[in-house]
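Per the numbering used here, residue 571 is the first one in the sequence shown, and the count goes up by one each step. Using N, Cα and C, we set each Cβ at its ideal position, and we do this for glycine too. These numbers come from a predicted model, not from an experiment. Okay, so here's the structure we're looking at.
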Amino acid sequence: MQDRFVIWLVPRLIRIAYLFLRYSIRWQDVGVPYRPEDSQRCIHAFWHARLLMLLRITPKWHGYMLISEHRDGGFISDTLNLCGVDTVRGSTTRGGARAMLKMLRAVKNERRHLGITPDGPKGPREVVQKGTIQLAMKSGLPVMPICWATSRCWRANSWDRFYIPQPFSRGVFVYGEPLFIASDDDMDEALARVQKGMDEVQQRADGFFLSQQAGEVGS
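Right, here's the structure in full:
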């Protein structure tokens, strides 16, 4: 009974925290060549540590998010469902084939966007895994790297150093160019391209407020 209550409660607390953070932070977007609500679909790629605020771009997002089958993934999945985002449970290590099939069906039959954490569910942190490339090859959708950062944050003592923005800070979402991967592309080269794209948006997001502060000091 207690476990069921915790399973019910935690996603609702996360949703409340998310809504508070979303509306207490002043957000801006940088480099948006490919909006989620556009008719052209894509695979939105976030680092696992930056999952918390992904809901900011999903009010009009008609898509599926791939979430791991681990217990913490259950909390994340339930939270996303409460906010109107559909999820598929699985990863490259557990339930991967079933999850891949469901996401491919969503692309073919429902014309959905897809979302994935390229380094989830267990890492290594901020290293793109083959599952992301396989999904792009099989679905025909481009990978769109996305990263957000805030001027003040906390980092959890977890494998991914989960990123928690501080209320009333400033925030930025950085969108990369969509990366198209053909079904016959070399796996290692495709991994390197997506890794580079993910690294670039992260560097731009994390460096955004540092560059602004440098400009203010120099003015």
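Bridge partners - residue i, DSSP secondary structure assignment
| i | result |
| --- | --- |
| Met635 | Thr657, Gly685 |
| Leu705 | According to DSSP, Leu705 bridges with nothing at all. |
| Ala615 | Ile686, Pro715 |
| Gln598 | Val742 |
| Leu749 | Val713 |
Cutoff 8 Å; reference residue i; Cβ partners in own chain excluding five residues on either side
| i | result |
| --- | --- |
| Ser594 | Pro737, Phe738 |
| Leu761 | Val698, Lys700, Ile703 |
| Val787 | Annotation note: pLDDT 36 at Val787 (below 50); position unreliable, no value reported. |
| Cys723 | Tyr733, Ile734, Pro735, Gln736, Ser739 |
For residue j and residue i, the rounded distance between their alpha carbons
| i | j | result |
| --- | --- | --- |
| Gly701 | Gly777 | 28 Å |
| Tyr745 | Val764 | 13 Å |
| Lys672 | Gly633 | 12 Å |
| Lys766 | Phe575 | 42 Å |
| Pro712 | Leu652 | 27 Å |
| Ile703 | Met757 | 7 Å |
| Gly785 | Ile734 | Summary for Gly785: the model assigns pLDDT 43, below 50, so the residue's position carries little reliability, and this model does not support an answer. |
| Arg592 | Arg682 | 25 Å |
| Ile751 | Asp573 | 43 Å |
| Leu795 | Gln610 | Outside the displayed span of the chain (571 to 789) sits residue 795, for which this structure offers no information. |
| Gln598 | Cys612 | 21 Å |
| Leu589 | Asp754 | 42 Å |
| Ala567 | Leu579 | It is not possible to answer for residue 567, since the shown part of the chain is limited to 571 through 789. |
| Asn727 | Val655 | 27 Å |
Sequence-distant residues of the same chain with beta carbon closer than 6 Å to residue i, five excluded per side
| i | result |
| --- | --- |
| Val771 | Pro715, Cys717, Val744, Gly746 |
| Ser789 | Below a pLDDT of 50, predicted positions are generally treated as unreliable, and Ser789, at 37, falls in that range; the measurement from the model is reported next regardless. Around Ser789: no qualifying Cβ. |
| Met623 | Trp718 |
Residue i and residue j closer than 8 Å at C-beta
| i | j | result |
| --- | --- | --- |
| Gly685 | His618 | no |
| Pro688 | Met768 | yes |
| Gly643 | Arg659 | yes |
| Pro748 | Thr649 | no |
- Jot down the residue ranges of each uninterrupted beta strand (DSSP E) in the segment 704 to 738, minimum 3 residues, whole runs only, in chain order. As far as the segment 704 to 738 is concerned, its whole beta strand (DSSP E) runs of at least 3 residues are 713 to 720, 723 to 725, 733 to 735.
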